[in-house]
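Which chain is which? The protein sequence lines are A and B, in order. Residue numbers for the first sequence, in this note's numbering: 126 to 342. Residue numbers for the second sequence, in this note's numbering: 126 to 342.
There are 2 protein chains.
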Amino acid sequence: MVTQSEENYLKAIYHLVKQGSSVVSTNAIAKKIHTKASSVTDMLKKLADKELVDYKKYQGVCLTKKGKIIAANVIRKHRLWEVFLVEKLKFSWDEVHDIAEQLEHIKSEKLINEIDAFLEFPSHDPHGDPIPDRHGNIVKNNSVNLLEIKIGDEGVLAHVKDSSDIFLKYLNKNNLALGYKIKVIDIEPFDSSIKIEVKAKQIVISKNVAKNLFINI
Amino acid sequence: MVTQSEENYLKAIYHLVKQGSSVVSTNAIAKKIHTKASSVTDMLKKLADKELVDYKKYQGVCLTKKGKIIAANVIRKHRLWEVFLVEKLKFSWDEVHDIAEQLEHIKSEKLINEIDAFLEFPSHDPHGDPIPDRHGNIVKNNSVNLLEIKIGDEGVLAHVKDSSDIFLKYLNKNNLALGYKIKVIDIEPFDSSIKIEVKAKQIVISKNVAKNLFINI
DNA sequence: ATAGTTTTTTAGTCTTCCCTAAAAAAATAT
DNA sequence: ATATTTTTTTAGGGAAGACTAAAAAACTAT
Ligand SMILES: [Mn+2]
Ligand SMILES: [Mn+2]
Ligand SMILES: [Mn+2]
Ligand SMILES: [Mn+2]
Chain A
126 MVTQSEENYL KAIYHLVKQG SSVVSTNAIA KKIHTKASSV TDMLKKLADK
176 ELVDYKKYQG VCLTKKGKII AANVIRKHRL WEVFLVEKLK FSWDEVHDIA
226 EQLEHIKSEK LINEIDAFLE FPSHDPHGDP IPDRHGNIVK NNSVNLLEIK
276 IGDEGVLAHV KDSSDIFLKY LNKNNLALGY KIKVIDIEPF DSSIKIEVKA
326 KQIVISKNVA KNLFINI
Chain B
126 MVTQSEENYL KAIYHLVKQG SSVVSTNAIA KKIHTKASSV TDMLKKLADK
176 ELVDYKKYQG VCLTKKGKII AANVIRKHRL WEVFLVEKLK FSWDEVHDIA
226 EQLEHIKSEK LINEIDAFLE FPSHDPHGDP IPDRHGNIVK NNSVNLLEIK
276 IGDEGVLAHV KDSSDIFLKY LNKNNLALGY KIKVIDIEPF DSSIKIEVKA
326 KQIVISKNVA KNLFINI
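Dropping the structure here:
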């Protein structure tokens, strides 16, 4: 049996590996799940005993095949529940993350597969993140970050990296939603802020915002 | 904050009070949630500190107003999730209890109220148990037990007391489902077994089965 | 009323998951 | 290369929630 806490650690490691190096540091995990490095070390030993992570003292950690499957399954549940909340219960995309953090730990294969079918097998969650299939396979997003494109380029907003309600509320306020066409009008060299056009209106977004937006060209 | 374990104790006390005396014994709780009496005593002290139960040593325990509201809310969630699983995800009534045991602990007022609306405010769960409203109010079932009626009486199966999958599978096998009309054909004085007619077929059910079936006359 | 039985509580432990403080190892700077 | 800083691990401990065994209280039966 994998506990809720273990699932959270596996998920954190999965996400950290995905967006960085092949091995994850104790401190990075501690920061990610708001705990202390010593707690992380404790847990890594336990996960290593269960052969869910490869861990050698001072060397960082990564998931085993078994650990990766469990993590992907938790992420699958998280994202499917988010779709359910938005599509069926009329939640807004900035309200779903915390509830999904709870629902992702419900244990029932049948339940999550029925939810999947009920939602007609969605490919992405409300934030544009791909949903792993029941074997843990996940499609790669080939959307590009707004910081990496040049003036005149345009595309459709496909993915937001930060799913915090504060960031999503900012997007709501500025009329930015998945599926909207975005055109880069100007890039300010001084602070990398970007002027974009969305729905016939022009707005300026900071580098910090742009870094979290991804479009399909 | 009320923990998952505390919620389970409150729910157990709620159910035991409902079907018996005004005060519940340590042993009864222990049996109900498959734990030991000493664990129950520990927990009762904690719940008393939080003013969720009235507890005096050796005197049994009952819920305070606060405790009753929390318990009713957990039961509300349990039953609404059961309806969701059966009505929306095509689960059978014998598959939902264990999953609802997990889902009943998800914390989000909005979530459960949206589920309620999504299901169009059901009054009863798949086993005929009434669903408390958001304030903890619950309608009384006025269905009568099959053991309490006489030959020739008839009514509609409205409620099953035992929700275990083994009992529900027995009912499936014998073509007994909520809403079906039942007529008492004969009562055997020796063992209180009852011959009933359902859907134009006659079957004999034991006293043990009859004790768990309730009909609206 | 007293002895025996059952129920309940207490005392002491265990596991999980978290923490702080100190020690050890690794990385960085001079 | 050595000193300093940062990261990681170890040591020790706390709260929650379970357990066993023993003591205490409450019932039951004669
Ligand atoms: Mn999320
Ligand atoms: Mn998401
Ligand atoms: Mn149930
Ligand atoms: Mn039920």
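The beta carbon of each residue, even a glycine, is placed where N, CA and C say it ideally should be.
Looking from the CA of residue 313 (chain A), the closest CA among A:321, A:307, A:180 belongs to A:321. Burial state of residue 242 (chain A) is exposed, judged by a 10 Å Cβ sphere holding fewer than 16 other Cβ atoms. Under the Cβ criterion (8 Å, minimum of three pairs), the region 170-187 of chain B does not count as touching the region 210-217 of chain B. Taking a beta-carbon distance threshold of 8 Å, residue 227 (chain B) counts as an interface residue toward chain A.
Shortest gap from the CB of residue 254 (chain B) to any heavy atom of ligand 4: under 7 Å. Only 210, 213, 214, 215, 216, 220, 223, 224, 227, 228, 230, 231, 232, 233, 235 from the region 209-235 of chain B bring a Cβ to less than 9 Å from some Cβ of chain A.
Judged by the Cβ position, residue 132 (chain B) fails to qualify as a neighbour of ligand 3 at the 7 Å threshold, every heavy atom of the ligand being at least this far.
Counting the other CB atoms within 10 Å of its CB gives residue 126 (chain A) a total below 16, which places it among the exposed residues. With a cutoff of 7 Å, residue 318 (chain B) does not count as near ligand 3, since its C-beta is closer than that to no heavy atom of the ligand.
When the five nearest sequence neighbours on each side are left out, the beta carbons in the same chain lying within less than 8 Å of the beta carbon of residue 238 (chain A) are those of 259, in order along the chain. Listed along the chain, the chain A residues whose CB falls inside 8 Å of the CB of residue 240 (chain B) are 214. Annotation for residue 248 (chain B): 255, 256, 264 place their beta carbon closer than 8 Å to its own, counting only its chain and skipping 5 residues before and after.
In the DSSP annotation of this structure, residue 129 (chain A) is not part of any beta strand (DSSP E); the continuous alpha helix (DSSP H) holding it starts and ends at 129-143. Under the 10 Å beta carbon count, residue 170 (chain A) is surrounded by fewer than 16 other beta carbons and is classified as exposed.
Interface annotation, residue 292 (chain B): not in contact with chain A, CB-CB separation never under 8 Å. Rounded to the nearest whole angstrom, the CA to CA distance from residue 276 (chain B) to residue 231 (chain B) is 46 Å. Taking a Cβ-Cβ cut-off of 7 Å, the neighbours of residue 243 (chain A) in chain B comprise 213, 214, given in sequence order. With the rule of 3 Cβ pairs closer than 8 Å, the region 133-153 of chain B counts as touching the region 196-206 of chain B. A residue is listed when its beta-carbon falls short of 6 Å from at least one non-hydrogen atom of ligand 3; in chain order these are B:203, B:207, B:222, B:225, B:288.
Per the C-alpha coordinates, the member of A:304, A:325, A:296 positioned closest to residue 335 (chain A) is A:296. Each residue's CA atom was taken as its position, placing residue 318 (chain B) and residue 309 (chain B) some 11 Å apart. Residue burial is scored here from C-beta neighbours: residue 337 (chain B) has at least 16 other C-beta atoms within 10 angstroms and is therefore classed as buried.
Relative to the non-hydrogen atoms of ligand 4, the Cβ of residue 250 (chain A) never comes closer than 7 Å to any of them. The alpha-carbon of residue 315 (chain B) is positioned some 16 Å away from that of residue 273 (chain B).
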